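This report refers to the structure that appears directly beneath it.
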Amino acid sequence: MTLWIVLAVVVLLVLWFVLSYNSLIRGKNKMEEAFSTMDVYLKKRFDLIPNLVECVKGYAKHESETLEKVIEARNTAGTKQSTEERMKNEAAISGALRNIFALAEGYPELKANENFLDLQGQLQRVEEDISNARKYYNAVVRQFNNLVMTIPTNIVASIFHFEKQPMFEVADETERENVQVKF
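If you count the sequence shown from 1, position 48 lands on 49 in our numbering, and the numbers rise without skipping.
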């Protein structure tokens, strides 16, 4: 009788261990899939930026500093980086794009240009997609982090070195401020 009880406890522990490990793996895979989805939208934005900059250059020749910052942010984001570095650089691109759109407010001819309006519309749709993908990614990361940090799955997580993952957040306080356009 005691042997059956011990055997039942061992089977339950093994079953719990396997279920915990599998839930961590599913969470990790879901998190990677969410980041990949967001990465598709980031790549789409990355590809639209040179077209937007070229369109703006013809109208705002003396605003080269703003345009250079956009290209610099784009080029930095295109390099191999950690997830945290990637998040920070993508926030820099968002800020640079906001500056371009704010810059366009000072050039009525540019605001009326069909190519610019089309590129602006495409980028706004991509930014909305990125925003939704970030929300989804953060929700998946929250679920994964809950698994990694709560009892009893944190025991299995620590054994197999599953670690808490960062959320995709606004990089710094300047991202929260309104864009100021000065001529």
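Note that the Cβ used here is the ideal one computed from N, Cα and C, for glycine as well.
Remember, it's a predicted structure, so these values are computed and weren't measured experimentally.
- When DSSP states are grouped into helix, strand and coil, Y108 belongs to the coil group.
- Residue burial is scored here from C-beta neighbours: S83 has fewer than 16 other C-beta atoms within 10 angstroms and is therefore classed as exposed.
- The DSSP-derived three-state label of G28 is helix.
- Between Y138 and F169, the CB-CB gap stays under 8 Å.
- At a Cβ-Cβ threshold of 8 Å, Y42 and D119 do not count as neighbours.
- In the three-state reduction of the DSSP assignment, T151 falls in the coil class, being assigned neither a helical nor a strand state.
- Distance from I101 to V57 at the Cβ level is roughly 6 Å; contact confirmed, criterion being Cβ atoms closer than 8 Å.
- A straight-line Cα-Cα distance of about 39 Å links V10 and F36.
- K165 sits in coil when the DSSP states are folded into three classes, being neither helix nor strand.
- Contact between V127 and L49 holds: CB atoms are separated by about 7 Å, below the 8 Å threshold.
- For the set R87, T3, K165 and F145, the Cα lying nearest the Cα of N23 is the one of F145.
- From the listed residues E106, E66, E110 and F47, the smallest Cα separation to A78 is found for F47.
- The C-alpha of P167 lies about 7 Å from the C-alpha of E85.
- Annotation for Q121: L53, F102 and A105 place their beta carbon closer than 8 Å to its own, counting only its chain and skipping 5 residues before and after.
- In this structure T154 is buried. Its beta-carbon is surrounded by 16 or more other beta-carbon atoms within 10 angstroms.
- Rounded to whole angstroms, W17 and I26 show a C-alpha spacing of 14 Å.
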